[in-house]
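*Asks:* Those sequence lines, one after another, are chains A and B. Take the first sequence: its letters are residues 129 to 450, numbered as in the numbering used here. Take the second sequence: its letters are residues 129 to 450, numbered as in the numbering used here. In this text, a Cβ means the ideal position worked out from N, Cα and C, and glycines have one as well.
Number of protein chains: 2
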Amino acid sequence: MEFYKMAGIKSIGSRLRMLTNKITDDAAQIYKLYNIEMQPKWFPVFYALSEGNEKTITGIAQEIGHSHPSVSKIISEMIEDGLIEKKDNSDARRSMVGLSEKGMSYKEKIQDQYTDVEDAIEALNRQATNDLWKAIEEWEFLLEQKTLLRRVIEQKKKRESNAVLIASFKPEYANAFRQLNEEWISSYFKMEEADYRSLDNPQEYILDQGGHILVALLNDEVVGVCALMAMHDGEHAFELAKMAVSPSAQGKSIGWLLGQAALNKAASLGAKKVYLESNTILKPAISLYHKLGFQKIAGHPTPYERCNIQMAVDINPSHKKS
Amino acid sequence: MEFYKMAGIKSIGSRLRMLTNKITDDAAQIYKLYNIEMQPKWFPVFYALSEGNEKTITGIAQEIGHSHPSVSKIISEMIEDGLIEKKDNSDARRSMVGLSEKGMSYKEKIQDQYTDVEDAIEALNRQATNDLWKAIEEWEFLLEQKTLLRRVIEQKKKRESNAVLIASFKPEYANAFRQLNEEWISSYFKMEEADYRSLDNPQEYILDQGGHILVALLNDEVVGVCALMAMHDGEHAFELAKMAVSPSAQGKSIGWLLGQAALNKAASLGAKKVYLESNTILKPAISLYHKLGFQKIAGHPTPYERCNIQMAVDINPSHKKS
DNA sequence: TAAATTTGCGTAACTAATTACGTAATTAAT
DNA sequence: ATTAATTACGTAATTAGTTACGCAAATTTA
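In structure tokens form, the structure reads like this:
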């Protein structure tokens, strides 16, 4: 299949399906070769019951990794063929099933086929330098740990956050700075006096006071903002405030990038601490602050009604690098 | 999947199917993640048309390894969605199709997804010590060379011919010796005077004349016979005759085992040549004799009407071993 | 040039799985 | 002792493919 080589490993799903079909097609003919009237799809169920003990439909389904309707259908086909019998049912919900006498006799009959097929496939597998059987097992394990979807999501996030640029404030960002903040504030709380002051006049109320504003740009569009406001309580410290990320750009770690950049900025300005104020209903935000190193503190005066948690982080030289 | 480990590599078909399903399930969600309205099953067709040139249904089918009805269905779905257009048809049988403008625009849109998925799967594959992608490729190649069915058939034959025992004549085999021969002779020709003589009195007409009879036993049942009859024309030679294999035991190389054993026997008795007489309508038999080393000769007198070919092989010491 | 064959495609029916949903039996909670 | 929740199963609809078959167009052969 030249095509799949061209299309690359992202086509592995289609390619796997083709190989699977090729193998199961042959499987059907192999049963005929041994004069065993059994459909290939029955195999897992048959094998699961081969030890002789009785099992339930869902039990078998879990064991062989099928859905229960699939097993249910297979079982009824096998009952019709006389290979399986319904057994005891003290619990009338359950369908205890086991091999019938005929099914047991098949167990003997099928042994030669088992060994031949096992030997043939093992030899085939050994002929290859990459062990397909082991590779499947490893993939199953790795996908159990983290699904393909999650792996792709992470890859996407990684690529997208690489494309995000953090820049310093320019007058043309003023609009976005106001809008992104007003959007989330008014959806969770209501805009307060102090909000209007700083959002309407960032130059005067933030920058001219010794503060800074950082913006996150994705394809030249402002998708996130935050401000470092100089504090005047003795220590050399900043307040991290007015952080907002566009809902359309969520999931790209923009908050984290902005936070990191803000802490770096504070460090480069010689700050010892960064404070912030927030509200515990903003769970993702609080969790982001934690990741950035902020710890809960108390006792600072605040002009904001919505504030019910205060946090702070000590700045150490490592922030200048990361 | 503990179960499949237990069931062994013969369950690789079922196991592959499960892995395939798991992967394609995630694939569907990945398309959603990128807001691309395309079904995973469309991917091979879309990719095959991505270069921009027009192709036919069967052309695409061959390229991507699907059946043409499958491609036909996919194409009509994609036309309905506006991704594909029917193009020129100077040959009215053919359906030339190519990406529409919308389809072309998807090409751009999907690039990020391609790279993310490719990177994610590549990383996943590298995490495993056995390379699944390469293993699939090798299996495809090996199965192209020899299908799984043929591999199993060969394994079966090998096992079964290992179970065949070659033994010397005993009086209780006389019946089988007669029946197996009469069966095939009378189905192709008719029994002649000389047949009755030797089949009815093997002791007198074969063994007492310095000849030998070999039988092939499978589970203590006679499934094949042949005779070495001493020749009296100067040279120290035997005639290989009365070879018969039970139809129920065909395909187990019993003819070859008997032939080999007969030649070994002749060699151990110091013979220089072995002759035989046959008929060219018995193609499998002639081909077997060739494999055993017999060459066509002419000119020997024969009592049999049905004989239209004579063959002989020189015995050399190597026969004693093999 | 007519007849036979090949090619290309579409439709229908089938396959081996899935999800969605309903229902009866059992178990847990009030 | 009811009521609510859970468990086990079956049925129906869906999915992504497959073979089987038939028809019309094109090509080859006579």
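Identify the contact partners of I192 (chain B) in chain A, using a Cβ-Cβ distance below 7 Å as the criterion.
*Replies:* Within the second sequence, residue 192 (chain B) is the residue found at index 64, counting from 1. Result: F131.
*Asks:* With E237 (chain A) and V225 (chain A) assumed to form a contact (beta carbons below 8 Å), what rounded beta-carbon distance in angstroms separates them?
*Replies:* Walking along the first sequence from the start, residue 237 (chain A) turns up at place 109. Walking along the first sequence from the start, residue 225 (chain A) turns up at place 97. The residue asked about is misnamed: residue 237 (chain A) is Lys in this sequence, not Glu. Contact doesn't hold; Cβ gap of about 20 Å is too wide.
*Asks:* Tell me, please, which residues DSSP counts as bridged to L368 (chain B).
*Replies:* Numbered from 1 along the second sequence, position 240 holds the residue referred to as residue 368 (chain B). Beta-bridge pairing links L368 (chain B) to B:L356, B:L404.
*Asks:* Establish whether the CB of D264 (chain A) and some CB of chain B are separated by less than 9 Å.
*Replies:* Here residue 264 (chain A) refers to the residue found at position 136 when the first sequence is read from its first residue. Per the sequence presented here, residue 264 (chain A) reads as Ile, with Asp not at that position. Yes, I264 (chain A) lies at the interface with chain B (some Cβ there is under 9 Å from its Cβ).
*Asks:* Rounded to the nearest angstrom, what separates M146 (chain B) and G187 (chain B) at their Cα positions?
*Replies:* The residue given as residue 146 (chain B) occupies position 18 in the second sequence. The residue given as residue 187 (chain B) occupies position 59 in the second sequence. Going from the Cα of M146 (chain B) to the Cα of G187 (chain B) covers about 30 Å.
*Asks:* Give the straight-line distance between the Cα atoms of T148 (chain A) and E268 (chain B), rounded to the nearest whole angstrom.
*Replies:* Here residue 148 (chain A) refers to the residue found at position 20 when the first sequence is read from its first residue. Here residue 268 (chain B) refers to the residue found at position 140 when the second sequence is read from its first residue. About 10 Å.
*Asks:* Establish whether the CB of L227 (chain A) and some CB of chain B are separated by less than 9 Å.
*Replies:* In the first sequence, counting from the first residue as 1, residue 227 (chain A) sits at position 99. L227 (chain A) does not count as touching chain B.
*Asks:* With distances taken Cα to Cα, identify the nearest neighbour of I202 (chain A) among A:S218, A:E310, A:I185.
*Replies:* The residue labelled residue 202 (chain A) in the question sits at position 74 within the first sequence. Checking every option, the nearest Cα to that of I202 (chain A) belongs to A:I185.
*Asks:* Would you say Q283 (chain B) lies against chain A (beta-carbon separation less than 9 Å)?
*Replies:* Locating residue 283 (chain B) in the second sequence gives position 155, counting from the first residue. Chain A, which has a Cβ nearer than 9 Å to the Cβ of Q283 (chain B), makes this yes.
*Asks:* Output needed in chain order: residues of the segment 139-153 of chain B with a Cβ under 8 Å from some Cβ in chain A.
*Replies:* Per Cβ criterion, the list reads S139, I140, G141, S142, R143, L144, R145, M146, L147, T148, K150, I151, T152.
*Asks:* Out of B:I151, B:E310, B:H340, point me to the one whose CA is closest to P299 (chain B)'s CA.
*Replies:* Your numbering for residue 299 (chain B) matches position 171 in the second sequence. With distances taken between Cα atoms, P299 (chain B) lies closest to B:H340.
*Asks:* Counting only beta-carbon separations shorter than 9 Å, does M439 (chain B) have a partner in chain A?
*Replies:* By 1-based counting over the second sequence, the position of residue 439 (chain B) is 311. No, its Cβ sits nowhere closer than 9 Å to a Cβ of chain A.
*Asks:* Give the DSSP-derived three-state secondary structure of S450 (chain A) in the structure shown.
*Replies:* Stepping through the first sequence from its first residue, residue 450 (chain A) is reached at position 322. Bear in mind that a pLDDT of 47 at S450 (chain A), under 50, signals an unreliable position, so the model cannot answer this.
*Asks:* At the level of alpha carbons, what is the spacing between V199 (chain B) and S178 (chain B)?
*Replies:* Along the second sequence, read from residue 1 onward, the residue named residue 199 (chain B) stands at position 71. Along the second sequence, read from residue 1 onward, the residue named residue 178 (chain B) stands at position 50. Rounded to the nearest angstrom, the two C-alpha atoms are 15 Å apart.
*Asks:* Take the Cβ of Y301 (chain B) as the centre, count every other Cβ of all protein chains shown within 10 Å, and call the residue buried at 16 or more, exposed below.
*Replies:* On the second sequence, residue 301 (chain B) is found 173 positions in, with the first residue counted as 1. By the neighbour-count rule (16 or more Cβ atoms within 10 Å), Y301 (chain B) is buried.
*Asks:* Helix, strand or coil for G226 (chain B) per DSSP?
*Replies:* The residue you call residue 226 (chain B) lines up with position 98 of the second sequence. Looking at G226 (chain B) - three-state DSSP - the assignment turns out to be strand.
*Asks:* Where does the unbroken alpha helix (DSSP H) through Q167 (chain A) begin, and where does it stop?
*Replies:* Counted from its first residue, the first sequence places residue 167 (chain A) at position 39. Unbroken run through Q167 (chain A): none, as it is neither H nor E.
*Asks:* Among the candidates B:A399, B:E311, B:I382, whose CA atom is the shortest distance from the CA of H360 (chain B)?
*Replies:* The residue given as residue 360 (chain B) occupies position 232 in the second sequence. When each option's Cα is compared against that of H360 (chain B), the closest is B:A399.
*Asks:* CB A295 (chain A) to CB A344 (chain A), shorter than 9 Å?
*Replies:* In the first sequence, residue 295 (chain A) corresponds to position 167, counting from 1. In the first sequence, residue 344 (chain A) corresponds to position 216, counting from 1. Yes.
*Asks:* On the three-pair Cβ rule with 8 Å, is the segment 402-418 of chain A touching the segment 427-446 of chain A?
*Replies:* Touching, per the Cβ criterion.
*Asks:* May I ask you to list the residues that DSSP assigns as paired with I212 (chain A)?
*Replies:* For this step, residue 212 (chain A) is matched to residue 84 along the first sequence. A:L227, per the DSSP bridge assignment.
*Asks:* Can you tell me the Cα-Cα spacing of N392 (chain B) and E165 (chain A), whole angstroms?
*Replies:* Position 264 of the second sequence, counting from 1, holds the residue named residue 392 (chain B). Position 37 of the first sequence, counting from 1, holds the residue named residue 165 (chain A). Approximately 41 Å, taken between the alpha carbons.
*Asks:* Between the segment 154-186 of chain A and chain B, which residues of the former have a C-beta closer than 9 Å to a C-beta of the latter?
*Replies:* So the close ones are D154, A155, Q157, I158, L161, Y162, P168, K169, F171, P172, Y175, A176.
*Asks:* Tell me whether V245 (chain A) sits in a helix, a strand or coil according to DSSP, three-state version.
*Replies:* Position 117 of the first sequence, counted from the start, is the residue given in the question as residue 245 (chain A). V245 (chain A): helix per DSSP, three-state reduction.
*Asks:* For S450 (chain A), which residues from the same chain have a beta carbon less than 6 Å from its beta carbon, with the 5 sequence-adjacent residues on both sides left out?
*Replies:* As a first step, residue 450 (chain A) must be located in the first sequence, where it is residue number 322. Caution is warranted here: a pLDDT of 47 is assigned to S450 (chain A), below 50, making its placement in the model unreliable, and the coordinate value is therefore given only provisionally. If we look at S450 (chain A) and ignore the five residues flanking it on each side, it has no Cβ neighbours.
*Asks:* Taking L252 (chain A) as the reference, which of B:A220, B:I264, B:E332, B:I249 has the closest Cα?
*Replies:* Here residue 252 (chain A) is taken as the residue at index 124 of the first sequence, counted from 1. Comparing Cα-Cα distances from L252 (chain A) to each of B:A220, B:I264, B:E332, B:I249, the minimum goes to B:I264.
*Asks:* Should S381 (chain A) be labelled buried (16 or more other beta-carbon atoms within 10 Å of its own) or exposed?
*Replies:* The residue given as residue 381 (chain A) occupies position 253 in the first sequence. When all chains shown are included, S381 (chain A) counts as buried.
*Asks:* In chain A, which residues lie less than 7 Å from N290 (chain B) when you measure between Cβ atoms?
*Replies:* If you number the second sequence from 1, residue 290 (chain B) lands on position 162. The premise fails here: N290 (chain B) is roughly 12 Å from chain A at the closest Cβ pair, so nothing lies under 7 Å.
*Asks:* So, for G352 (chain A): in the same chain, excluding its five sequence neighbours on each side, which residues have a beta-carbon less than 6 Å away from its beta-carbon?
*Replies:* Taking the first residue of the first sequence as 1, we reach residue 352 (chain A) at position 224. Only A344, V373, I382, L386 meet the Cβ criterion.
*Asks:* Using CA coordinates, which residue listed in A:E288, A:D216, A:I249 is at the minimum distance from D240 (chain B)?
*Replies:* Taking the first residue of the second sequence as position 1, residue 240 (chain B) is located at position 112. Taking only the C-alpha atoms, the option nearest D240 (chain B) is A:E288.
*Asks:* Under 9 Å between beta-carbons, which chain B residues line up against A135 (chain A)? List them in chain order, please.
*Replies:* Sequence index remark: in the first sequence, residue 135 (chain A) carries index 7 (1-based). Near A135 (chain A) (Cβ distances below 9 Å), the residues of chain B are F171, P172, Y175, A176, I192.
*Asks:* Please list the partners that W261 (chain A) has in chain B, where partner means a Cβ-to-Cβ separation under 7 Å.
*Replies:* Here the question's residue 261 (chain A) lines up with position 133 in the first sequence. Here the neighbours are I137, I140.
*Asks:* Whose C-alpha, out of B:K401, B:E205, B:A189, is nearest the C-alpha of E363 (chain B)?
*Replies:* In the second sequence, the residue the question calls residue 363 (chain B) occupies position 235. Here the closest residue by C-alpha is B:K401.
*Asks:* For a contact meaning CB atoms closer than 7 Å, what does A256 (chain B) contact in chain A?
*Replies:* Walking along the second sequence from the start, residue 256 (chain B) turns up at place 128. A263, E266, W267, L270, listed in chain order.
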